[in-house]
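*Asks:* One structure follows; several queries about it will come next.
Protein chains: 2
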Amino acid sequence: MKLLALGTVALDTVKTPSGKRCDILGGSATHFALAARFFCDVNLVSVIGEDFPSKHLDFLRKKGVDVSSIRRQPGASFRWSGEYRGDLNAAITLKTILGVLSEFSPRINPGQRKISNVFLANVDPDIQLRLLETIKSPRLVALDTMNYWIDTKRQSLFKILKKSDIFLANDAEARAISGERYLINAAKSLKRLGPEIVLIKKGEHGVIAYFDNTIFSLPAYPVDNLVDPTGAGDSFAGGFIGYLAKAKKINKNTLKKAICYGTIIASFNVEGFGVERTSRLTLKEVNQRVRNFKKLMHFK
Amino acid sequence: MKLLALGTVALDTVKTPSGKRCDILGGSATHFALAARFFCDVNLVSVIGEDFPSKHLDFLRKKGVDVSSIRRQPGASFRWSGEYRGDLNAAITLKTILGVLSEFSPRINPGQRKISNVFLANVDPDIQLRLLETIKSPRLVALDTMNYWIDTKRQSLFKILKKSDIFLANDAEARAISGERYLINAAKSLKRLGPEIVLIKKGEHGVIAYFDNTIFSLPAYPVDNLVDPTGAGDSFAGGFIGYLAKAKKINKNTLKKAICYGTIIASFNVEGFGVERTSRLTLKEVNQRVRNFKKLMHFK
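As structure tokens, then:
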């Protein structure tokens, strides 16, 4: 099954209580792809600058990711620098260099236009709309966003929400769009904006999903060694959307399994800086932890 | 099975987005008892003032609660007044009148000294210690506290923690005592202070428990109609400790079931002001929601 993912491929500098890494491979599309690859052939749509190390593209290729629509443009690569202090749920952004991202216009090849499963990670909603318009027959469209677009491009965001099947938001975003503080009400309110499935990511508190008039909750997998939360949300999205894209039909059971796979892959992601842990992750390890998680929650 | 619970019996004035109630029956011991009564014969140890309406004691008696050690003393009853605004997870305390609580010295009768299951709700740790010393052969001692005692009576708190089998804390308290921001580390750190079981209450995000080198998480039950969160933590404790006290032995399975019952009874508690919902709650309704919750989380 093919899956097209629009997002960022970035160079991250991250400091957490566990240490620091400079200019490591990051970005929403990267983390998404490394999780979704277990279920789908992932095609990334992104932009990088002249200074972006080719070894990172080689690495993605080796992981089976199609990088033909990651365009290299004149200028600097997108860079993010952040720190996690006491609260590992919330990064403090120290610096953002948009670079080539500021004039990003996604282009895909004719073959990719036929891909029917699409993930639109957090970029300008107008860019998300533009890419979606080039898709011939979308079957599953999943959308992510961030507070910045909620504040500055609300109308475009509402337009793309109407065209989406799945909306992923973190708790702050869900509250900001819906105006509801209580997340269950927020989820219901977001569903009225278009998507069949609303999924709210709560970091260390897990996720809640709203689908078919039912609220599902799943806690995060309890990780002993929390190193770097960067990309956990995109890892979750990758496992979740990847699993759903592969599933023949979406019902309550496949949705719960997809949430579980997203949760588990995200739990591996936070055990290392950047892609350190997910780059060497195997499906066998994922399945083992899925079984352990189910066992942990099961009782007679 | 008998269960002795030390805590407050109060008159609450509460304002939430759903409305306002004045001088309604509240207090940690009250909410605890109304949940634990489904599993145990609850004996309350508390103090009330001259102005405390007798109808509330009659009500507790009718619910099967032994109120013989709720002493009426000269002076005003303990009153708490609070408001929930946007964030239904955190109350804003508007006013606290300690009244008779400020000179509370718990006394129990000889029969109650033989009760081996004890819940010590949030009061001065020196008072908790004093009561515990009068218990002949404690089997299961569960402890709750609050930030005020962590700040002002740390040594006494550590002393009673050493004598406790179960420690219940909310996320802020767990972080304040342990100095750990990440709750899984906080739980592990708290266990080193004495209790075999550490349970961290996270409000709308559910709970995590640490027991036998294993972390268990359970999300909150998704409630449609969140009216008043006051007492949810004590309702949880009542269902949780009540179930464990009744269980012949505590293992991972009984612990998970106890967490589930606590979660479900707390979910009913928040559907009404004060004890409005839990006062007319039946075990049949509880079991039905437990089954529904298990079904919600189950997938193939």
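Residue numbers (our numbering), protein chains in the order written: chain A, 2 to 301; chain B, 2 to 301.
Just so you know, even glycine gets a beta-carbon here, dropped at the ideal spot from N, CA and C.
Got a sec: is the Cβ-Cβ distance from histidine 57 (chain A) to anything in chain B below 8 Å?
*Replies:* No - not a single Cβ of chain B is within 8 Å of the one on histidine 57 (chain A).
*Asks:* For aspartate 42 (chain A), I'd like the list of residues in its chain whose CB is within less than 8 Å of its CB, leaving aside the five on either flank, ordered along the chain.
*Replies:* Met2, Lys3, Leu4, Gly65, Asp67
*Asks:* Provide the residue span of the alpha helix (DSSP H) that contains threonine 94 (chain A), from first to last.
*Replies:* Counting along the chain, threonine 94 (chain A) falls outside any alpha helix (DSSP H), though it belongs to the beta strand (DSSP E) covering 93-98.
*Asks:* Give every residue of the same chain whose Cβ lies closer than 7 Å to the Cβ of aspartate 213 (chain A), excluding the five residues on either side of it in the sequence, and list them in chain order.
*Replies:* Lys253
*Asks:* If we count the other Cβ atoms within 10 Å of its Cβ and call it buried at 16 or more, is threonine 231 (chain B) buried or exposed?
*Replies:* buried
*Asks:* Can you find a C-beta in chain B that's less than 8 Å from the C-beta of asparagine 254 (chain A)?
*Replies:* yes
*Asks:* Can you grab the Cα-Cα spacing for the pair alanine 6 (chain A) / phenylalanine 120 (chain A), in whole Å?
*Replies:* 5 Å
*Asks:* Tell me whether isoleucine 116 (chain A) sits in a helix, a strand or coil according to DSSP, three-state version.
*Replies:* coil
*Asks:* In the DSSP assignment, find the unbroken alpha helix (DSSP H) run with asparagine 270 (chain B) in it and report its ends.
*Replies:* 253-270
*Asks:* Which of the three DSSP states is assigned to glycine 8 (chain B) in this structure?
*Replies:* coil
*Asks:* At 7 Å on the CB atoms, spell out the chain A contacts of proline 220 (chain B), in chain order.
*Replies:* Gly207, Ser218, Leu219, Pro220
*Asks:* So which residues of chain A does proline 54 (chain B) contact, with C-beta pairs closer than 9 Å?
*Replies:* Those do not exist, as proline 54 (chain B) stays about 32 Å from chain A at its closest Cβ, beyond 9 Å.
*Asks:* Using 8 Å as the threshold, is the C-beta distance between glycine 112 (chain A) and alanine 77 (chain A) below it?
*Replies:* no
*Asks:* Does the CB of glycine 87 (chain A) have a neighbour CB from chain B at under 8 Å?
*Replies:* yes
*Asks:* Using DSSP bridges, identify the partner residues of alanine 34 (chain B).
*Replies:* Paired residues: none, contrary to the question.
*Asks:* Is it buried or exposed, alanine 91 (chain A), if we count other Cβ atoms within 10 angstroms and call 16 or more buried?
*Replies:* exposed
*Asks:* When you compare only the Cα positions, how much space is there between asparagine 44 (chain A) and leucine 219 (chain B)?
*Replies:* 36 Å
*Asks:* Going by other Cβ atoms of all chains shown within 10 Å of its Cβ, with 16 needed for buried, is histidine 206 (chain B) buried or exposed?
*Replies:* buried
*Asks:* Just to check my reading of the structure: valine 10 (chain A) and aspartate 229 (chain A) have Cβ atoms closer than 8 Å, yes? What is that Cβ distance to the nearest angstrom?
*Replies:* Going by Cβ atoms, the distance from valine 10 (chain A) to aspartate 229 (chain A) rounds to 18 Å, so no, they are not a contact pair.
*Asks:* Determine which residues of the segment 149-168 of chain B have a Cβ less than 7 Å from any Cβ of chain A, and write them out in chain order.
*Replies:* none
*Asks:* Looking at the unbroken alpha helix (DSSP H) that takes in valine 208 (chain B), where does it start and where does it end?
*Replies:* Premise fails: valine 208 (chain B) lies in the beta strand (DSSP E), 208-212, not in any alpha helix (DSSP H).
*Asks:* When we look at the beta-carbon of glycine 87 (chain B) and count the other beta-carbons within 10 Å, is it buried (16 or more) or exposed?
*Replies:* exposed
*Asks:* Check whether the segment 147-155 of chain A and the segment 29-40 of chain A are in contact - that is, three or more C-beta pairs closer than 8 Å.
*Replies:* no
*Asks:* Between which two residues does the alpha helix (DSSP H) holding lysine 21 (chain A) run?
*Replies:* No alpha helix (DSSP H) contains lysine 21 (chain A), which is instead part of the beta strand (DSSP E) from 20-27.
*Asks:* Could you spell out the range, first to last residue, of the beta strand (DSSP E) harbouring glutamate 306 (chain B)?
*Replies:* An answer regarding residue 306 (chain B) cannot be provided, because it is not within the stretch 2 to 301 covered by chain B.
*Asks:* Which residue or residues does DSSP assign as beta-bridge partners of phenylalanine 168 (chain A)?
*Replies:* In DSSP, phenylalanine 168 (chain A) forms a bridge with A:Leu144, A:Val199.
*Asks:* Do we get a CB-CB distance below 8 Å when we pair asparagine 297 (chain A) with the residues of chain B?
*Replies:* With the sequence shown as reference, residue 297 (chain A) is identified as leucine, and asparagine is not the correct amino acid for it. Yes, leucine 297 (chain A) counts as interfacial toward chain B.
*Asks:* Mind reading off the beta-carbon distance from phenylalanine 294 (chain A) to isoleucine 265 (chain A)? Whole number of angstroms is fine, and I expect it under 8 Å.
*Replies:* 6 Å
*Asks:* For arginine 62 (chain B), which residues from the same chain have a beta carbon less than 8 Å from its beta carbon, with the 5 sequence-adjacent residues on both sides left out?
*Replies:* Val68
*Asks:* Using 8 Å as the Cβ pair cut-off and three pairs as the minimum, do the segment 131-141 of chain A and the segment 185-196 of chain A touch?
*Replies:* no
*Asks:* Using 8 Å as the limit for Cβ to Cβ distance, is leucine 184 (chain B) near chain A?
*Replies:* yes
*Asks:* Given a cut-off of 8 Å on the beta-carbon distance, is the pair valine 276 (chain B) and leucine 89 (chain B) in contact?
*Replies:* No. Outside cutoff.
*Asks:* Apply the 10 Å Cβ neighbour rule to glutamate 51 (chain B) and answer buried if 16 or more other Cβ atoms are within range, or exposed otherwise.
*Replies:* exposed
*Asks:* What did DSSP end up calling asparagine 90 (chain B) once you bin it into helix, strand or coil?
*Replies:* coil
*Asks:* Whether or not the segment 46-60 of chain B and the segment 285-293 of chain A are in contact is what I'm after, with contact meaning three or more pairs of Cβ atoms, one per stretch, closer than 8 Å; do they touch?
*Replies:* no
*Asks:* Locate the alpha helix (DSSP H) running through glycine 234 (chain B), then write down its first and last residues.
*Replies:* 233-247
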